[in-house]
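Residue numbers (our numbering), protein chains in the order written: chain A, 1 to 424; chain B, 1001 to 1100.
What follows is the structure in C-alpha cells.
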C-alpha cells in the first residue's frame, strides 16, 4: 500500500466517526500550486484567504477591479436612510496582508485549455486551479425598456454602490404622497428575500417620513422567501401603505418606460414617483467568457468540489453558481468559499476532497428591531446540493416581539462577523 | 491478519486517542459554515459566541439540546437538526482544537 492510498483508505475508514485523521505531513514538492480567484466579494475574498490559511505555500492571486468592496447585505437599510453608506465599505488590505496577491484589474478573457487568465491591464496569470466568483450581472436584455441608461432613472440598486445612493436620494427627494413602485423578478436571482426586505424598509421610511405615500410591489412570482413572515409583518406594520401584487394578480412587469417612470404589466400601467426595478440577472460576465455558464446564464457545478460541469480546473462559487437548494446569499457564498478552499487545497495535494455539508442563514429586517430569518442545511445528492430533510426553515410565525428584536440583533452581529471574517 | 484489518485496528486506536487529544487535520462536514456567524477572529464583536478553543463537550451538548428543542434558540434549533451525532462530535472536536 502506498502512503497516499493508505491515507485514502484511512479517511474512508473513519468517515462518520468522531474525528478526522492525523495531521497529514506536507508533501514535499517545489510548488504547492497556483490559484487565481476572480471576484473579490464574499465568495472570492473568502476563498483566497482560506487557501492561504490552509497552505501558505499556495500562490493565490485575487483579481478584482475595485479597490474598495461595497457590501450588498444591509444596503437596504442604507436606501431607507437607516444606515450610513460608509458602513458598507471594506478594503482589501487585510486580504493582501494574509499573502494574497491582489490584482486590481478586470479579467478580460479566460483560456481554459491553457489555464490562463488575461487581465485588462495586459497581465496574464497562469493557474492550476481557477476560482470564478463574479457574482451577478444585470440581464440588460431581460426586460424590455430596461437598459443601463434606464437604470439611471429607475435604479435597480441590486449591486451595492452608486445605485444604492441613487435610490436613497430619489426617496428623499420625493414629495409626501408619492407612489413608489418596485418590481421583483422571477427566480433565480441574488438574495431571494432581498426585494421584500427592501419593500419593508422603504415602507418604514414612508410611514415615518412621508406617511401619505404608498408603495406597490409588482412581482413576477406568486411565492417568495419568508413570505408569511413578511406578509404578517406588513399587515401589522404597513397596512394600507404597502401593496404586493403577485404574478397571478397581474404583477409581472413586462416592460418599463423610463421617460415617464412607468412600469407596464399585462393589465396596468404604474407611473411611479420613484421606481425601483429589480431586473432579471445572470452570472457575472466572465462566467460566460470562460464557458462555464449554461443557457440559463448561471453556472452548473459539481456539488462536492464546485468544479464547473463545463470546464475542468475551474470552480465557480457564490451567486454565479447553480447550487441546487442553496440560495444566492452572502452567507452561502462564504460557506461555499471556505469549502472550496479546502477542496482545492486537497486537490493540489493530489488527494480526493471529502464530501461536505453546507449551511445557510439569512436574516431580513422588516423594520428596525424586527428581524426574521431563514436557515438551511445542505448536502450533495444526485449531482446537486439538496436540503437536509427536517432541518432548516424560517422563524416561527407566532414569535413574540422579543424574538424579533433578538433576530434583528443577530442580523447586525452576522454582518459584523462576516465582514470581519472576510475583510477584517 | 491481513493488512486492511491491521489498518482498521490502528484507526480504532487513533479515533480513541485523537478524540480526546482533539486533533483534527481536515475540517469535518458542516464546520466551515459555522464561522459565518460564530466569528473565528477574536477581534469581531458580536453577540454570537465564538467556537474556537471552546470545550468540545460543551459544543456537543449545546448542539444536541438545540436539536431536541431543549435549549432556547433562534436559528440554531433549525440548523442542529441537519446534523447527526457523529457529525456534531466531529465539528465539536475540530473547533475545540482551533486557535484564533
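Where a beta carbon is used, it is the ideal one built from N, C-alpha and C, also for glycine.
Through-space distance from residue j to residue i, alpha-carbon basis
i                      : j                      : result
residue 133 (chain A)  : residue 1041 (chain B) : 24 Å
residue 1022 (chain B) : residue 1056 (chain B) : Residue placement at residue 1022 (chain B) cannot be trusted, given a pLDDT of 31 that sits under 50; the coordinates are not used to answer.
residue 189 (chain A)  : residue 280 (chain A)  : 7 Å
residue 1053 (chain B) : residue 1094 (chain B) : 9 Å
residue 1045 (chain B) : residue 1036 (chain B) : 13 Å
residue 396 (chain A)  : residue 291 (chain A)  : 42 Å
residue 84 (chain A)   : residue 78 (chain A)   : 6 Å
residue 226 (chain A)  : residue 193 (chain A)  : 7 Å
residue 266 (chain A)  : residue 184 (chain A)  : 15 Å
residue 437 (chain A)  : residue 297 (chain A)  : Outside the displayed range of chain A (1 to 424) lies residue 437 (chain A), so it cannot be described from this structure.
residue 31 (chain A)   : residue 1049 (chain B) : 38 Å
residue 386 (chain A)  : residue 304 (chain A)  : 12 Å
residue 217 (chain A)  : residue 246 (chain A)  : 8 Å
residue 80 (chain A)   : residue 168 (chain A)  : 7 Å
residue 1097 (chain B) : residue 177 (chain A)  : 59 Å
residue 1043 (chain B) : residue 109 (chain A)  : 38 Å
residue 423 (chain A)  : residue 61 (chain A)   : 16 Å
residue 23 (chain A)   : residue 1027 (chain B) : Note that residue 23 (chain A) scores a pLDDT of 37, beneath 50, so its modelled location is shaky and nothing firm can be said.
residue 294 (chain A)  : residue 97 (chain A)   : 36 Å
residue 91 (chain A)   : residue 212 (chain A)  : 41 Å
residue 39 (chain A)   : residue 341 (chain A)  : 15 Å
residue 118 (chain A)  : residue 309 (chain A)  : 22 Å
residue 283 (chain A)  : residue 1086 (chain B) : 37 Å
residue 236 (chain A)  : residue 271 (chain A)  : 27 Å
C-beta neighbour in chain A for residue i, strict 9 Å
i                      : result
residue 1036 (chain B) : yes
residue 1066 (chain B) : no
residue 1069 (chain B) : no
residue 1081 (chain B) : yes
residue 1057 (chain B) : no
residue 1054 (chain B) : no
residue 1098 (chain B) : no
residue 1062 (chain B) : no
residue 1013 (chain B) : Low confidence applies to residue 1013 (chain B): its pLDDT is 41, below 50, so where it sits in the model is not reliable, and the reading given next is rough at best. It does not; no Cβ of chain A falls within 9 Å.
residue 1095 (chain B) : no
Proximity to residue i [Cα-Cα], best of the options
i                     : options                        : result
residue 339 (chain A) : A:302, A:371, A:370            : A:302
residue 252 (chain A) : A:142, A:179, A:117, A:367     : A:142
residue 358 (chain A) : A:324, A:125, A:348, A:367     : A:324
residue 349 (chain A) : A:182, A:211, A:128            : A:128
residue 86 (chain A)  : A:164, A:295, A:146            : A:164
residue 230 (chain A) : A:47, A:372, A:41              : A:372
residue 254 (chain A) : A:421, A:221, A:384, A:161     : A:221
residue 327 (chain A) : A:36, A:123, A:191, A:117      : A:191
residue 223 (chain A) : A:235, A:214, A:216, A:249     : A:249
residue 232 (chain A) : A:88, A:413, A:44, A:404       : A:404
residue 320 (chain A) : A:286, A:347, A:311, A:117     : A:286
residue 398 (chain A) : B:1074, B:1092, B:1086, B:1085 : B:1074
residue 374 (chain A) : A:382, A:345, A:384, A:332     : A:332
residue 334 (chain A) : A:346, A:415, A:368            : A:415
Cβ-Cβ separation, residue j to residue i (assumed contact under 8 Å), whole Å
i                      : j                     : result
residue 58 (chain A)   : residue 158 (chain A) : About 33 Å separates the two Cβ atoms, so there is no contact after all.
residue 1029 (chain B) : residue 407 (chain A) : About 26 Å separates the two Cβ atoms, so there is no contact after all.
residue 273 (chain A)  : residue 182 (chain A) : So it is not a contact: roughly 12 Å between Cβ atoms.
residue 171 (chain A)  : residue 82 (chain A)  : That belief does not hold up - the Cβ atoms of residue 171 (chain A) and residue 82 (chain A) are roughly 12 Å apart, past 8 Å.
residue 74 (chain A)   : residue 418 (chain A) : So it is not a contact: roughly 10 Å between Cβ atoms.
Residue-level contact to chain B via CB, residue i, 9 Å cutoff
i                     : result
residue 384 (chain A) : no
residue 416 (chain A) : yes
residue 131 (chain A) : no
residue 104 (chain A) : no
residue 379 (chain A) : yes
residue 339 (chain A) : yes
residue 388 (chain A) : yes
residue 406 (chain A) : yes
residue 152 (chain A) : no
residue 334 (chain A) : yes
residue 358 (chain A) : yes
residue 307 (chain A) : no
residue 303 (chain A) : no
residue 197 (chain A) : no
residue 350 (chain A) : no
residue 90 (chain A)  : no
residue 230 (chain A) : no
Beta carbon proximity, residue i to chain E, threshold 9 Å
i                     : result
residue 410 (chain A) : The question asks about chain E, but that chain is absent: this structure's protein chains are A and B.
Point to revise | Contact between the region 90 to 104 of chain A and the region 128 to 144 of chain A (3+ Cβ pairs under 8 Å) | key: By the Cβ test, the region 90 to 104 of chain A is not in contact with the region 128 to 144 of chain A, since fewer than three Cβ pairs between them sit closer than 8 Å.
Check your understanding: If we count Cβ pairs, one from each stretch, closer than 8 Å, do we get three or more for the region 388 to 401 of chain A versus the region 1073 to 1081 of chain B?
Key -> Judged by Cβ distances under 8 Å, the region 388 to 401 of chain A makes contact with the region 1073 to 1081 of chain B, as three or more pairs qualify.
Exercise for review: Count the CB pairs spanning the region 206 to 216 of chain A and the region 368 to 381 of chain A that are closer than 8 Å, and state whether there are at least three.
Suggested key: Contact between the region 206 to 216 of chain A and the region 368 to 381 of chain A is absent: fewer than three C-beta pairs spanning the two stretches fall below 8 Å.
Check your understanding: Three or more beta-carbon pairs under 8 Å between the region 310 to 317 of chain A and the region 232 to 251 of chain A, yes or no?
Key -> Contact annotation: the region 310 to 317 of chain A does not touch the region 232 to 251 of chain A, with fewer than three C-beta pairs closer than 8 Å.
Review point. Is there contact here, the region 136 to 156 of chain A with the region 33 to 52 of chain A, by at least three beta-carbon pairs under 8 Å?
Key: As far as the Cβ criterion goes, the region 136 to 156 of chain A does not touch the region 33 to 52 of chain A, which means the pair count is below three.
Check your understanding: Are there three or more Cβ pairs, one per stretch, closer than 8 Å when the region 256 to 271 of chain A is compared with the region 150 to 164 of chain A?
Key -> Touching, yes, given that three or more Cβ pairs across the two stretches are closer than 8 Å.
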